[in-house]
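Residue numbers (the UniProt record's numbering): 1 to 310.
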């Protein structure tokens, strides 16, 4: 028969006695370690007094930290977001002893790992994509303009996860469906090269006025010019000339009138002109800065449009 030393010799161990077949062993309560000299006496573990409960455990006299904590006594929180920058697919939020992952708008956290972000929802083990995405994990953008060529009335611009429609010059996007293009009545009446259509209204370029920007502003008659002596009106602008016996104080000024002197004595050019004294006319047609569909004709710092025959 086996002798139960724990029962027959109750003071065999300092704290807890465990009987075994043909022998016994002593164990200690939490916070104590077995004295290896006699394997019976329990000695207070100094680690137990300093190791933060719930954040670390004493093992063989040293504090072993649980996941999410660090330090000699496991007193410090591990910032996984900073120390392990790839912990989350998109956004990492540190918390005490742990962290959590969040996703950008339009994405959902994958319930399989709670770390990766998907553009859909997992249903019955498969990824169901939101509108605008495709692929096994909804990782691909759908090019609606290519796959659905009739999505827009005129021009289709693909965007990430969606698309948008745009209209040709002279048309406005119908705000009811954002797909259809409606002819802009302003485009038929606003004089090209003298005004531009904005939200159905003709906005005149400098030097022109009128409902459709069809009228030239006579700066000379209105007194809005900067000429010292003679002002000569031109279409969309004016030029300065000198009386007999006088010469321009600035070379080229008699031909210009297309700019104004600022406080620093420099010439600030009007639209359509350039150069030190604004003496050079910009060819808007050649430079491509026009809105003509067919033929562009440059004229005195501006332009007008013509149609091809037929």
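In this text, a Cβ means the ideal position worked out from N, Cα and C, and glycines have one as well.
Residue span of the beta strand (DSSP E) that contains residue 173, given as start and end = The continuous beta strand (DSSP E) containing residue 173 extends over residues 171-173.
Cα-Cα separation, residue 107 to residue 166 | Cα-Cα distance, rounded: 27 Å.
Give the DSSP bridge partners of residue 203, in chain order.
-> Secondary-structure assignment with DSSP links residue 203 through a beta bridge to 196.
Quick one: what's residue 104 bridged to in DSSP?
-> Looking at the DSSP assignment, residue 104 forms no beta bridge with any residue, so it has no partner.
For residue 81, the nearest candidate out of 46, 73 and 68 (CA to CA) | Nearest C-alpha to residue 81 among 46, 73 and 68: 68.
Excluding the 5 residues preceding and the 5 following residue 43 in the sequence, name in chain order all residues of the same chain whose CB lies nearer than 7 Å to its CB.
-> Hits under 7 Å: 32, 33 and 35.
If I'm right that residue 74 touches residue 52 with Cβ under 8 Å, what's the distance once you round it to whole angstroms?
-> Right, their Cβ atoms sit about 5 Å apart.
Thinking C-beta only, is residue 170 closer than 8 Å to residue 184?
-> Yes, the pair counts as a contact, with Cβ atoms nearer than the cut-off.
Give the single residue among 41, 29, 78 and 3 whose Cα lies nearest to the Cα of residue 23.
-> Residue 23 has its Cα closest to that of 3, out of 41, 29, 78 and 3.
Using beta-carbon positions only, say whether residue 180 and residue 153 come within less than 8 Å of one another.
-> In this structure, residue 153 lies closer than 8 Å to residue 180 by Cβ.
Does the beta-carbon of residue 209 have 16 or more other beta-carbons within 10 angstroms, so that it is buried, or is it exposed?
-> Burial call: exposed.
For residue 168, I'd like the list of residues in its chain whose CB is within less than 6 Å of its CB, leaving aside the five on either flank, ordered along the chain.
-> Within the same chain, residue 168 has close Cβ partners 154.
Throw me the rounded Cβ distance for the residue 283 and residue 298 pair, which I believe falls under 8 Å.
-> With a contact defined as Cβ atoms closer than 8 Å, residue 283 and residue 298 qualify at about 5 Å.
How is residue 287 classed by DSSP in three states: helix, strand or coil?
-> In the three-state scheme derived from DSSP, where H, G and I count as helix and E and B as strand, residue 287 is classed as helix.
Based on Cα-Cα distance, which residue from 229, 201 and 236 lies nearest to residue 244?
-> Selected option, being the one with the closest Cα: 229.
Grab the span of the beta strand (DSSP E) containing residue 163 for me, first residue to last.
-> Note, residue 163: beta strand (DSSP E), 162-166.
Residues near residue 48 in its chain [Cβ-Cβ closer than 6 Å; skip 5 each side] | Within its own chain, the residues whose Cβ lies closer than 6 Å to the Cβ of residue 48, once the five positions on either side in sequence are excluded, are 31 and 58, listed in chain order.
Take residue 295 and list the residues in its own chain whose beta-carbon comes closer than 8 Å to its own, dropping the five residues that flank it on each side.
-> Contacts found: 305, 306, 307 and 308.
Please confirm whether residue 216 and residue 223 have their CB atoms less than 8 Å apart.
-> Cβ atoms of residue 216 and residue 223: not closer than 8 Å.
Please work out which residues of its chain come closer than 6 Å, Cβ to Cβ, to residue 63, disregarding the five sequence neighbours upstream and downstream, and give them in chain order.
-> For residue 63, where only same-chain residues beyond five positions count, the Cβ hits under 6 Å are 47, 51, 56, 73 and 74.
What runs of the alpha helix (DSSP H), each 4 residues or longer, lie entirely inside the segment 43-106?
-> Listed in chain order, they are 47-50 and 80-83.
Given residue 65, which residues of its chain have a CB within under 8 Å of its CB, disregarding the five upstream and five downstream residues?
-> Only 55, 56, 71 and 74 meet the Cβ criterion.
Tell me whether residue 140 is buried or exposed, calling it buried when 16 or more other Cβ atoms sit within 10 Å of its Cβ.
-> Here residue 140 is exposed: its Cβ has fewer than 16 other Cβ atoms, across all protein chains shown, within 10 Å.
With DSSP run on the structure shown, which of helix, strand or coil describes residue 220?
-> Helix, per DSSP.
In terms of alpha-carbon separation, which member of 14, 103 and 236 lies closest to residue 195?
-> Nearest option by C-alpha distance: 236.
What separation, rounded to the nearest whole angstrom, lies between the Cα atoms of residue 287 and residue 117?
-> Using only the alpha carbons, I get a separation of about 48 Å.
In chain order, which alpha helix (DSSP H) runs of at least 4 residues are fully inside the segment 119-162?
-> The segment 119-162 contains these whole alpha helix (DSSP H) runs: 144-147.
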